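Everything on this sheet refers to the single structure shown next.
Chains as they are written, first to last, in our numbering: chain A, 1 to 154; chain B, 1 to 495; chain C, 1 to 342.
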């Protein structure tokens, strides 16, 4: 059994390479030969097509050699359950919200809310930890960046 | 010369270097901030000081910040700067095994060795070495980058083809934005943000930091709540035994440092690749927590300091972005960097070397005293530690250029990095592709443009001594890693 | 799962609350400029001609305002990367652009849509003299040697320039218009171009005089000619280009001055404060020392505020048409409403 994911990835990468070549050729070359902006990316596209073709061929040949080889799963990534994916998804979602919140609420408040919620998501239930940690973190980072390093936070 | 160096040292001078070191530790360890941030800060506050104090503090920051990128690379798998990517390859596995303290101490000691070697080179052979910077043609810069990427493809990933694919993708990402030569936007799809290009530092933080947290979350939180710390003590001789690697790394670091633009990421990578190829008697394999890996990477990226200062002081050409800012310190204090700096103001040279050497002493001191405390970070419960790291990732991405867009980039690359890690692709190769991309693009087109006017373009492009050597090295690195050749050689050997 | 949704809801509610609470807090604070550190954006590399002048100005501005002036280098694509960046920054007077002449040619050279119109003028600063330099010990001892070599090997003699549309490129194109065809390669900045000359990658370059002084003194570079119609006090023995090639008088002298700008739409009161501070900066020792140690600069302080934009309009109507007539531009200046100077 060949690994469908790798075959799929190779094809996607190959299409990306072809798209890059086309995109580079469409760029205005200003009548320049070697200084044209599209020259280098079109080479990259070519390399990408070549490499993904290699990967595809390797995967297809592998399928022939170990006909029912079930070690494919071991090599290509670990098993991920739905629950884990959901948790990661929530984390990303929370980070995106944090990004939005930063521009409206300012750094300290946004960070407090964010750290507090992520800690809750990860299973922290002690209320004093949920209040103390975010407060300290927000304050300390603010202190170090804004006052110590003169890096201005939103 | 030594007398000159000691003559400018006084308690106040040492104090300024010390303060600089503490600042360097901070900016180096925080993701998104780097030596550049620290040195720029010193420049902005030092305009009323004397030249000596300003340079003392700058050197303290520079030496310390180059090392401190390793701390987060080891403890959290978030390299503080692209130069520490190679350190994370072995440093983080060591921390996972509970050897965080040993890993940090290795980084401290080899950063120290690297810095000292670099400064010695600066002191003793700066004049003749500076000419190397001039000898490198655009084609050579291009090949050096290709060689670097071929190396990272082979070391950072178990799968060579996937490693190369990631490096290519990284270079492709770096092409997004305004073309550095002709000035037209490439692959921006009309998006005004993409016109300025995809920033490397936020991408780095996303690919390593955020993706690491995401990956850790997919392991059950309760089962592996905290990382254990190994109780067994280790002896210093265990760390010192890879001194050969450190010495080689220092030489690579100095040589690469001299070349303007190549810098610490390339040096640490080449040194790591070299160590992986040449060290055979290592106890732990590379990539799973070998001390040799940390020694190679750290000695090289710190030796770059001395290397990068050579063309700056001897020719007025900055070797990396930190030396560019150091140049501005000179301007502020009325000094004109250039070929005459050495002869006209020799005392300035002594101040820089003295500041660097004292910075090394502080590196050893601060590193040694903070390593046990820092190593305890991994003991913090993950439900407390992770949110803090996440905030640092976000702030680090933002601090790069004060824009929320960069946080968005960080998140996108976090997701990409998570997918890559799950499927054996190499985020390290991608980051280095992004770092080296524009260097490759510019120099490739420059080389072609230079060659096209000559009667024999191919000969003009390739037949120079440095170019031929670099080309052979690149081809060797690519060929020796491909499976077909490996199989062929083993078969040949069997018969 | 259920718990997760609860968190999410709380999060969203909190966010909405913040938006409403903070919306009314936005108040425009009127403070005297400058109240904090100032960013000086330089669209060229450290060590390039523009950067040298910008750093001297930054130091002088810092001395007169008492606030840190942080130089930010945003090089790339003939300065268009940094110029675009500057135009996108807040127009509060804390983001100042120190520009070379390149925005005046972006449009006709097809490099960028951005131009001087995207900025408010503060002050014209100074222009540097351009010199033709070659490597110390090279085969070209005089400018005549170089001209002969170019004429006998058209398109073979290598020249470095910073980037398309920048002064070095324009001068190379003028060479072409005078029948001197060279092989031109962009190195991204003046300093990188000098390194290429010293490393022997190219035969010569047009450099800003200020960046070459140290190297000329050390013998790494040799000046062949001043690219102007008269000699310069910094190199009294070096001939002016028109002495050797009189037909160059059609094109020379050609000035490439630096200027200080702020993004379009900056409060006129703030613009006035920046102009006032710059007026003090140009008589500050930091700036004066910079000029006097190099000797090769001409100053143009009389153009201030709207005068800067007027200066560039005039410059464009001369230089853009000059370039167009020489057949080296992508587009006609007419297309952008630039009238030919009568």
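Just so you know, even glycine gets a beta-carbon here, dropped at the ideal spot from N, CA and C.
Values in this document were obtained by computation on a predicted structure and should not be read as measured data.
Cβ-based burial, residue i [other Cβ within 10 Å; buried from 16]
i	result
residue 251 of chain B	buried
residue 62 of chain C	buried
residue 291 of chain B	buried
residue 12 of chain B	exposed
residue 334 of chain C	exposed
residue 55 of chain C	buried
residue 71 of chain A	At residue 71 of chain A, the pLDDT of 45 sits below 50, so the modelled position is not reliable; the number obtained from the coordinates is stated separately. Under this definition residue 71 of chain A is an exposed residue.
residue 15 of chain A	exposed
residue 319 of chain C	buried
residue 214 of chain C	buried
residue 33 of chain C	buried
residue 302 of chain B	buried
residue 184 of chain A	Past the edges of chain A, shown from 1 to 154, lies residue 184 of chain A, and the structure says nothing about it.
residue 331 of chain C	exposed
residue 23 of chain C	With a pLDDT of 40 at residue 23 of chain C, under the threshold of 50, the predicted position of this residue should be treated as unreliable, though the coordinate-derived value follows. Answer is exposed; the Cβ neighbour count stays below 16.
residue 28 of chain C	Any reading at residue 28 of chain C must be qualified, since the residue scores a pLDDT of 39, below 50, and its modelled position is unreliable; the value itself is stated next. By the 10 Å Cβ count, residue 28 of chain C comes out exposed.
residue 347 of chain B	exposed
residue 1 of chain A	Only weak support is given to the placement of residue 1 of chain A: the predicted model assigns it a pLDDT of 47, under 50, and the value that follows is read from those uncertain coordinates. Exposed is the call here.
residue 189 of chain B	exposed
N-terminal and C-terminal residue of the alpha helix (DSSP H) that residue i is part of
i	result
residue 49 of chain C	49-65
residue 364 of chain B	346-375
residue 285 of chain C	285-294
residue 294 of chain B	291-315
residue 309 of chain C	306-325
residue 72 of chain B	51-76
residue 164 of chain C	From DSSP, residue 164 of chain C is part of no alpha helix (DSSP H); its letter is neither H nor E.
residue 114 of chain B	100-135
Opening and closing residue of the beta strand (DSSP E) in which residue i lies
i	result
residue 427 of chain B	Counting along the chain, residue 427 of chain B falls outside any beta strand (DSSP E), though it belongs to the alpha helix (DSSP H) covering 427-452.
residue 69 of chain C	69-73
residue 263 of chain C	257-263
residue 160 of chain C	158-161
residue 134 of chain C	130-135
residue 96 of chain C	95-99
residue 6 of chain A	Note, residue 6 of chain A: premise wrong, no beta strand (DSSP E); alpha helix (DSSP H) at 4-26.
residue 183 of chain C	183-186
residue 42 of chain C	38-42
residue 32 of chain B	Residue 32 of chain B -> no beta strand (DSSP E), and no H or E assigned at all.
Residue j beta carbon less than 8 angstroms from that of residue i
i	j	result
residue 162 of chain B	residue 426 of chain B	yes
residue 417 of chain B	residue 168 of chain B	no
residue 131 of chain C	residue 191 of chain C	no
residue 212 of chain B	residue 77 of chain B	yes
residue 228 of chain C	residue 253 of chain C	yes
residue 210 of chain C	residue 322 of chain C	no
residue 201 of chain B	residue 393 of chain B	no
residue 435 of chain B	residue 265 of chain B	yes
residue 223 of chain C	residue 238 of chain C	yes
residue 57 of chain C	residue 74 of chain C	no
Where residue i meets chain C, residues with beta-carbon distance less than 9 angstroms
i	result
residue 181 of chain B	76, 77, 78, 163, 164, 186 and 188
Closer than 9 angstroms at the beta carbon, the chain B residues around residue i
i	result
residue 151 of chain C	Those within 9 angstroms of residue 151 of chain C in chain B number zero; the least Cβ separation is about 15 angstroms.
residue 112 of chain A	Ordered by position in chain B, no residue passes the 9 angstroms Cβ test against residue 112 of chain A, which lies about 10 angstroms from the chain.
residue 108 of chain A	Under the 9 angstroms cutoff, chain B gives no residues; its nearest Cβ is about 11 angstroms from residue 108 of chain A.
Chain C residues whose Cβ lies nearer than 8 angstroms to that of residue i
i	result
residue 446 of chain B	185, 186 and 187
Within chain B, the residues that residue i reaches when beta carbons sit closer than 7 angstroms
i	result
residue 93 of chain C	The contacting residues do not exist; residue 93 of chain C stays about 17 angstroms from chain B at best.
residue 13 of chain A	165
residue 85 of chain C	196
Per-residue contacts from residue i into chain A (C-beta, under 8 angstroms)
i	result
residue 479 of chain B	Result: empty, since nearest Cβ-Cβ is about 14 angstroms, beyond 8 angstroms.
Contacts of residue i in chain D (Cβ-Cβ under 8 angstroms)
i	result
residue 40 of chain A	The structure shown contains no chain D; its protein chains are A, B and C.
> Between the segment 305-331 of chain B and chain C, which residues of the former have CB atoms less than 7 angstroms from a CB of the latter, in chain order?
Replying inline: 316, 317, 318, 324, 327, 328 and 331
>> To be precise: take each residue of the segment 42-60 of chain C, compare its Cβ to all Cβ atoms of chain B, and keep it if any distance is under 9 angstroms. Which residues remain?
In response: 45, 46, 47, 51, 52, 55, 56, 58 and 59
> Using a beta-carbon distance cut-off of less than 7 angstroms, what residues from the segment 208-222 of chain C approach chain B?
Replying inline: 214, 215, 217, 218 and 220
>> To be precise: take each residue of the segment 137-152 of chain B, compare its Cβ to all Cβ atoms of chain A, and keep it if any distance is under 9 angstroms. Which residues remain?
In response: none
>> Which residues of the segment 122-153 of chain C have a Cβ closer than 8 angstroms to any Cβ of chain B? Give them in chain order.
In response: none
>> Residues of the segment 83-101 of chain A in Cβ contact with chain B at a cutoff of 7 angstroms, in chain order, please.
In response: 84, 87, 88, 91, 92, 95, 96, 98 and 99
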